[in-house]
Amino acid sequence: MPIIQQATIEDRKRLLELFPLANLRQEWPTIKGLKEEICYSVAADATQPQIDKVTKFINENLSCCKQHVYIFSRDASATLPTTVPHGEKILEEPGVRSLYAIRVSYNIVLRDPLEDGVLEFLWPVRIELTPQYFIARFVVLEKNPSSYFDRPVYVGGKTVDEKAVLSEITASGLLSPADLNKGIKKLWADGLIDSTRTKYKTSISTASEAMDEERGIKEFNPELYAAVQAAPLYTTVFQIPEDKSSVCTFSTDPSNGIIGFTRYSEKKGDTDIVIEQILTNN
Amino acid sequence: MLSNKFLQTISKLVPGGTLSAKELQLLSSLNPDKIYVENVRSILGVSHRSAVRILETAVRQGLFKRGIEIQCPDGTVAASADAEEKLPVTVHCWTEEEGHPKEVELPTESLTKTTFYRLNDESDSITFGQTA
Chain A
4 MPIIQQATIE DRKRLLELFP LANLRQEWPT IKGLKEEICY SVAADATQPQ IDKVTKFINE
64 NLSCCKQHVY IFSRDASATL PTTVPHGEKI LEEPGVRSLY AIRVSYNIVL RDPLEDGVLE
124 FLWPVRIELT PQYFIARFVV LEKNPSSYFD RPVYVGGKTV DEKAVLSEIT ASGLLSPADL
184 NKGIKKLWAD GLIDSTRTKY KTSISTASEA MDEERGIKEF NPELYAAVQA APLYTTVFQI
244 PEDKSSVCTF STDPSNGIIG FTRYSEKKGD TDIVIEQILT NN
Chain W
287 MLSNKFLQTI SKLVPGGTLS AKELQLLSSL NPDKIYVENV RSILGVSHRS AVRILETAVR
347 QGLFKRGIEI QCPDGTVAAS ADAEEKLPVT VHCWTEEEGH PKEVELPTES LTKTTFYRLN
407 DESDSITFGQ TA
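Chains A and W, in that order, give the protein sequences. Using this note's numbering, the first residue of the first sequence is number 4, and each one after it goes up by one. Using this note's numbering, the first residue of the second sequence is number 287, and each one after it goes up by one.
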């Protein structure tokens with residue numbers, strides 16, 4: 004895993020900053036301070052045991068991060084990629100899952116005074132295989148570079164994005180976006196989730212509905228709920244009751260096999276469970 | 287269903303002093319918990335100013351209560367309250383980033399506010415014609 008060991012302390016610090024503070028404190032309880040200070044302290048140690056620990060931490064805590072998840076139906080011969088664009092495999096459980104780190108460079112423009120710059124991130128991506136599905140999970144990179152500088156900054160572009168990575172790993176033709184409508188609608192019918200906003204297809208239009216004050220469609224608009232049960236769902240936001248999961252909300256585009264976790268979740272594995280429940284019922 | 291008192295009040299305020307059967311039916315079908323000026327304006331075919339006057343009269347008579355709601359940049363209602371000072375300082379909205387929904391916390395003062403009206407649940411104790 005040289006990509007992590009050979010990275011700068013700042014790169015490793017930014018990588019760790021993608022994770023929730025509570026999880027960092029739990030893993031490194033003796034390091035006190037703010038998130039930035041904890042991440043810097045961990046990142047400053049580039050010894051092999053520390054790199055191994057960081058890699059294990061990424062793998063075990065990725066499920067708590069903000070994520071974009073792409074789910075593909077797979078041909079039986081589809082395998083885990085040996086590599087990904089601009090990155091390398093850093094951990095593998097053969098035939099089950101692989102963890103990758105991708106190097107992303109943001110071209111930025113600083114103001115006052117005007118100056119070009121580059122901001123680099125190590126971007127964790129995990130790919131998982133189930134008997135039926137190929138699951139690509141991207142940790143969401145924060146889009147606010149201002150926090151890394153003490154002056155105004157604009158992002159001009161970046162060297163690699165999710166689309167480019169997905170394009171390469173699906174180039175074999177053995178993968179196609181999974182249709183998650185059945186799994187999502189089953190969880191919705193069972194009362195495990197309710198939607199606050201949805202986009203769906205009617206026979207003559209693409210309709211969308213956003214409930215006032217994030218009320219649930221099933222609870223407060225049963226006519227709409229009934230109508231969308233037979234419709235293909237597009238970008239839809241769901242809420243999960245707090246007593247059922249620390250994943251309070253997630254977005255999905257069921258017709259294109261996409262799930263988005265827009266918040267950190269407190270409990271390790273809760274986003275795994277959401278994905279698993281959708282796929283089990285699909 | 288809107289109260290008879292409200293419908294009678296409107297009758298007194300509309301030009302001509304009477305409501306047609308269709309206007310009565312449409313007004314009666316409004317959600318009593320969320321009535322916008324435009325609902326009343328369009329049903330009665332009056333100006334915005336006249337519709338506000340009708341609704342404010344209903345408030346003064348204790349038939350309706352005024353409310354205010356706050357809208358996210360995409361038009362979604364994020365929160366509502368009886369008065370502006372009772373609105374939360376920030377609200378939760380959704381935006382889109384690279385095709386994915388993203389949650390944002392926005393200051394209420396920066397967002398559009400809309401006045402609405404709702405039936406006063408306690409209005410039965412107020413007799414028709416009495417001002418609150």
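We put the CB at the ideal spot given by N, CA and C, even for glycine.
The beta strand (DSSP E) enclosing residue i, as first and last residue numbers
{"i": "W/Ser306", "result": "Premise fails: W/Ser306 is in no beta strand (DSSP E) and is neither H nor E."}
{"i": "W/Cys379", "result": "376-383"}
{"i": "A/Glu95", "result": "90-96"}
{"i": "A/Asp119", "result": "118-132"}
{"i": "A/Val211", "result": "A small correction: the amino acid at residue 211 of chain A is Ser; Val does not occupy that position in the sequence shown. Here the beta strand (DSSP E) through A/Ser211 covers 209-213."}
{"i": "A/Tyr136", "result": "136-142"}
{"i": "A/Gln70", "result": "70-77"}
Nearest candidate by alpha-carbon position, reference residue i, set the options
{"i": "A/Lys247", "options": "A/Pro257, A/Ser211, A/Leu190", "result": "A/Leu190"}
{"i": "A/Glu123", "options": "A/Arg28, A/Asp55, A/Ile12, A/Tyr73", "result": "A/Ile12"}
{"i": "W/Ala364", "options": "W/Leu293, W/Ala337, W/Gly303, W/Glu355", "result": "W/Glu355"}
{"i": "W/Lys399", "options": "W/Thr376, W/Glu389, W/Gln357", "result": "W/Gln357"}
{"i": "A/Gly159", "options": "A/Lys188, A/Lys204, A/Ser108, A/Pro127", "result": "A/Ser108"}
{"i": "A/Phe152", "options": "A/Glu118, A/Ile196, A/Glu171", "result": "A/Glu118"}
{"i": "A/Lys185", "options": "A/Leu37, A/Asp115, A/Leu282", "result": "A/Leu282"}
{"i": "A/Glu171", "options": "A/Asn284, A/Ile276, A/Gly90", "result": "A/Gly90"}
{"i": "A/Leu287", "options": "A/Glu226, A/Ala210, A/Leu83, A/Leu183", "result": "Because chain A is modelled from 4 through 285, residue 287 of chain A falls outside the range shown and cannot be assessed."}
{"i": "W/Val338", "options": "W/Leu293, W/Val323, W/Leu405", "result": "W/Val323"}
{"i": "W/Asp407", "options": "W/Lys351, W/Gly361, W/Glu384", "result": "W/Lys351"}
Residue environment, residue i, which counts as buried when at least 16 other CB atoms sit within 10 Å
{"i": "W/Lys291", "result": "buried"}
{"i": "A/Ser198", "result": "buried"}
{"i": "A/Ala79", "result": "exposed"}
{"i": "A/Asp14", "result": "buried"}
{"i": "A/Lys16", "result": "buried"}
{"i": "A/Phe264", "result": "buried"}
{"i": "A/Val250", "result": "buried"}
{"i": "A/Tyr267", "result": "buried"}
{"i": "W/Gln347", "result": "buried"}
{"i": "W/Ala307", "result": "exposed"}
{"i": "W/Arg335", "result": "exposed"}
{"i": "A/Ile61", "result": "buried"}
{"i": "A/Lys35", "result": "exposed"}
{"i": "W/Tyr403", "result": "buried"}
{"i": "W/Thr413", "result": "The predicted position of W/Thr413 is uncertain, since its pLDDT is 39 and thus under 50; a value taken from the coordinates is nonetheless stated next. Exposed."}
{"i": "A/Lys161", "result": "buried"}
Where the alpha helix (DSSP H) through residue i begins and ends
{"i": "A/Trp191", "result": "184-192"}
{"i": "A/Ile61", "result": "51-64"}
{"i": "A/Thr168", "result": "Before going on, a small fix: residue 168 of chain A reads as Val here, not Thr. Looking at the DSSP string, the run of the alpha helix (DSSP H) that includes A/Val168 is 165-172."}
{"i": "A/Ser179", "result": "It is not in any alpha helix (DSSP H) - A/Ser179 instead sits in the beta strand (DSSP E) that spans 178-180."}
{"i": "A/Glu226", "result": "225-231"}
{"i": "A/Glu279", "result": "273-283"}
{"i": "W/Phe292", "result": "290-299"}
{"i": "A/Ala25", "result": "24-30"}
{"i": "A/Asp14", "result": "12-19"}
Cβ separation of residue i and residue j, assumed to be a contact under 8 Å, to the nearest whole Å
{"i": "W/Leu349", "j": "W/Val326", "result": "The Cβ separation is near 13 Å, so there is no contact."}
{"i": "A/Val137", "j": "A/His71", "result": "Checking the sequence shown, residue 137 of chain A turns out to be Phe, not Val. Actually they are not in contact, since the Cβ atoms of A/Phe137 and A/His71 sit about 15 Å apart, beyond 8 Å."}
{"i": "A/Ile111", "j": "A/Val121", "result": "7 Å"}
{"i": "A/Tyr228", "j": "A/Ser258", "result": "That belief does not hold up - the Cβ atoms of A/Tyr228 and A/Ser258 are roughly 18 Å apart, past 8 Å."}
{"i": "A/Thr239", "j": "A/Arg200", "result": "7 Å"}
{"i": "A/Val168", "j": "A/Ile105", "result": "7 Å"}
{"i": "W/Ala366", "j": "A/Glu216", "result": "Residue 366 of chain W is actually Ser in this sequence, not Ala. 7 Å between Cβ atoms; contact."}
{"i": "A/Pro88", "j": "A/Val143", "result": "So it is not a contact: roughly 18 Å between Cβ atoms."}
{"i": "W/Glu389", "j": "W/His378", "result": "6 Å"}
{"i": "A/Ser175", "j": "A/Phe75", "result": "Not quite, the Cβ-Cβ distance comes to about 11 Å (not below 8 Å), so this is no contact."}
{"i": "W/Leu312", "j": "W/Ile329", "result": "5 Å"}
For residue i, three-class secondary structure by DSSP
{"i": "W/Glu389", "result": "strand"}
{"i": "A/Pro148", "result": "helix"}
{"i": "A/Asn110", "result": "strand"}
{"i": "W/His334", "result": "helix"}
{"i": "A/Lys35", "result": "coil"}
{"i": "A/Tyr203", "result": "strand"}
{"i": "A/Phe241", "result": "strand"}
{"i": "A/Ser198", "result": "strand"}
{"i": "A/Tyr267", "result": "coil"}
{"i": "W/Gln347", "result": "coil"}
{"i": "W/Tyr403", "result": "strand"}
{"i": "A/Val158", "result": "strand"}
{"i": "W/Tyr322", "result": "coil"}
Any C-beta of chain C under 9 Å from that of residue i
{"i": "A/Val142", "result": "Looking for chain C here will not work: the only protein chains present are A and W."}
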